[in-house]
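Q: Under the working numbering, residues 16 to 163 are what the sequence shown spells out, in order.
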Amino acid sequence: MATYTQTLYQIVFSTKNRQSALIKEKRETLFKYLWGIIKNNKCHLYRINGMEDHLHILTSLHPTVALSDLVKDLKVSSSQFIKENQVFPQFNGWQTGYGAFTYSYDAKEHLIEYIKNQEEHHKTMTFLDEYQNFLNEFGIEFYEKYFL
């Protein structure tokens with residue numbers, strides 16, 4: 016019998032120290048590179064977007080791929096790509112951790128729109144507020160000191 020899964024994740028991570036390094040004009044280059052990594056891991060990308068200091072990735076995971084391995088691959092490979100190709104001159108790496116939140120499949124279209132409209136959304140909310148909202152929404156305990 017074959018293996019069938021539907022695991023929908025919104026993965027969120029920021030630049031190191033939330034530095035505003037991801038210049039809008041060059042983000043598409045990064046997004047295409049990350050999409051290639053996701054495809055190479057046999058996962059499906061539904062949407063990717065971000066701001067100067069963070070990214071949102073909506074993807075499903077292939078059953079043979081561990082979430083932590085995918086995120087490690089995304090961060091390590093893209094850091095190397097950014098530095099070698101000088102995509103973002105101010106980029107100093109990604110934050111140590113990440114957020115990954117699971118959703119039911121029927122939330123997919125709403126999440127795609129949410130991620131697509133990051134610029135509009137962040138006119139009224141900072142990344143830290145957004146991230147803390149995710150943690151609260153999913154009942155994840157966190158320590159304020161890690162957000163300073």
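Think of the CB as a built atom: it goes at the ideal place given N, C-alpha and C, for glycine as much as any other residue.
(1) Sorted by chain position, which residues of the same chain lie with C-beta nearer than 7 Å to Q105's C-beta, five sequence neighbours on each side aside?
(2) Could you work out which residue in K47, L143, M140 is closest to S92 when comparing CA atoms only?
(3) Have a look at I63 and L85 and give me their C-alpha separation to the nearest angstrom.
(4) Going straight from the alpha carbon of Y118 to that of K41, what length do you get?
(5) What are the boundary residues of the alpha helix (DSSP H) that includes V91?
(6) Tell me whether K90 is buried or exposed, calling it buried when 16 or more other Cβ atoms sit within 10 Å of its Cβ.
(7) For the beta strand (DSSP E) containing R62, list its first residue and its last residue.
A: By the coordinates alone:
(1) On the sequence shown, residue 105 is found 90 positions in, with the first residue counted as 1. Excluding residues within five positions, the ones whose Cβ falls inside 7 Å are Q34, A36.
(2) As a working note, residue 92 is residue 77 in the sequence shown. Per the Cα distances, K47.
(3) Walking along the sequence shown from the start, residue 63 turns up at place 48. Walking along the sequence shown from the start, residue 85 turns up at place 70. Distance between the alpha carbons of I63 and L85 is about 15 Å.
(4) For this step, residue 118 is matched to residue 103 along the sequence shown. For this step, residue 41 is matched to residue 26 along the sequence shown. CA-CA distance, Y118 to K41, rounds to 29 Å.
(5) Within the sequence shown, residue 91 is the residue found at index 76, counting from 1. Element bounds for V91: 82 to 100.
(6) By 1-based counting over the sequence shown, the position of residue 90 is 75. K90 comes out buried.
(7) Numbered from 1 along the sequence shown, position 47 holds the residue referred to as residue 62. Here the beta strand (DSSP E) through R62 covers 59 to 65.
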